[in-house]
Amino acid sequence: DTAVSQTPKYLVTQMGNDKSIKCEQNLGHDTMYWYKQDSKKFLKIMFSYNNKELIINETVPNRFSPKSPDKAHLNLHINSLELGDSAVYFCASSQDTGYEQYFGPGTRLTVT
Amino acid sequence: AQKITQTQPGMFVQEKEAVTLDCTYDTSDQSYGLFWYKQPSSGEMIFLIYQGSYDEQNATEGRYSLNFQKARKSANLVISASQLGDSAMYFCAISGQVYNFNKFYFGSGTKLNVKP
Chain A
-9 DTAVSQTPKY LVTQMGNDKS IKCEQNLGHD TMYWYKQDSK KFLKIMFSYN
41 NKELIINETV PNRFSPKSPD KAHLNLHINS LELGDSAVYF CASSQDTGYE
91 QYFGPGTRLT VT
Chain B
9 AQKITQTQPG MFVQEKEAVT LDCTYDTSDQ SYGLFWYKQP SSGEMIFLIY
59 QGSYDEQNAT EGRYSLNFQK ARKSANLVIS ASQLGDSAMY FCAISGQVYN
109 FNKFYFGSGT KLNVKP
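Same order as they appear, the protein sequences are chains A and B.
For the first sequence, position 67 (counting from the first letter as 1) is numbered 57 according to the working numbering, and the numbering increases by one without interruption.
For the second sequence, position 74 (counting from the first letter as 1) is numbered 82 according to the working numbering, and the numbering increases by one without interruption.
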C-alpha cells in the first residue's frame, strides 16, 4: 500500500490553464505539506496543514490554492499556469509538525 | 530563522568504502530536529535518519549514521560500505519553530556517485 500518493505523476499543460494535483496519505498523520522542487533540485515549502488547518503559507502566488477536505487529503489547485510554475511538486505528511516527513512520488508539471 | 548548508554539490566514492556527507546548520532554537533524505534518480524522497537536538547519542539506521556535533552545529551523514544503489542526491534538513509549529528547512543537496 502506498503511504503518500499523488495524482497525476506527470502533467503537461499550456500557459493560462488551470490544473489540480491530488494528494492522499494513509498513515493517519495530522500534518500535510506541499513542496516545490525546481530544476536545481532546491526544495521549498509552499504550504502546510495541521488537522485540516493552514499553518504555513509561504510567499506563494495567489494562483496556488491548497484545499484539505479531511486530514488524509491535501490538494493543490493552480490557476493561470505560467512557464515558471514548471517544477516537481511533492506532497508530504508527518505525524505532527517537527516529525520526519514522508513524501509522495512527486508530480512533474511542465507548462508550455 | 533556520538555515542548512551543504557545501559539497557532488561527491564520488568507491563501492564498499565509507563516505561522509557534510551538513552544517544555524538555529536559535533550543529544541530542533535534524533529518537526512535520499532522492535517487527516480525522483522519490526517502527519509533516512533523524537526530534530536537533545539526543546524546548519534543516530544510526543500518549503514547510515549521523555524526552530530552540537557545538559545531554540524550533522554529517556517514554511509558505511557504499553500494551502487547509494548513488543519489542527499538532502539535510532541520525543523525549526515557527509560532506554535515546526517548519522544515532543506539544504541544497549533495549528489553522491558510487563508482564500481
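Heads up, the beta-carbon is just placed ideally off N, CA and C, and yes, glycines get one too.
The structure displayed is predicted, hence computed values, not measured ones.
Proximity of chain B to LEU33 (chain A) at the Cβ level (cut-off 7 Å) is accounted for by PHE99, PHE114, in chain order.
Here DSSP, grouped into helix, strand and coil, assigns LEU1 (chain A) to strand. Excluding residues up to 5 positions away in sequence, ASP20, ASN41, LYS42 lie with their Cβ nearer than 7 Å to the Cβ of LYS61 (chain A) in the same chain. Take LEU44 (chain A), set aside five residues on each side of it, and no residue of its chain has a beta-carbon closer than 6 Å to its own. Take the alpha-carbon of SER82 (chain B) and the one of CYS31 (chain B): they are about 6 Å apart.
Proximity of TYR45 (chain B) to chain A, defined by a Cβ-Cβ separation below 9 Å, is satisfied.
Under the Cβ distance rule, LYS61 (chain A) does not count among the residues neighbouring chain B, no pair being separated by less than 9 Å.
The DSSP assignment places 96 to 106, 109 to 114 as complete runs of the beta strand (DSSP E) inside the stretch 93 to 120 of chain B, in order along the chain (cut-off: 3 residues).
Three or more Cβ pairs drawn from the stretch 74 to 84 of chain A and the stretch 21 to 30 of chain A lie within less than 8 Å of each other, which places the two stretches in contact.
With a cut-off of 8 Å on Cβ pairs, the stretch 45 to 53 of chain A is not in contact with the stretch 92 to 99 of chain A, counting fewer than three such pairs. Residues of chain A whose Cβ lies closer than 8 Å to the Cβ of TYR33 (chain B) do not exist, since the nearest Cβ in that chain is about 15 Å away. Of all residues in the stretch 73 to 91 of chain B, none is placed with a Cβ closer than 9 Å to any Cβ belonging to chain A. Taking 9 Å as the CB threshold, LYS24 (chain B) stays off the interface with chain A.
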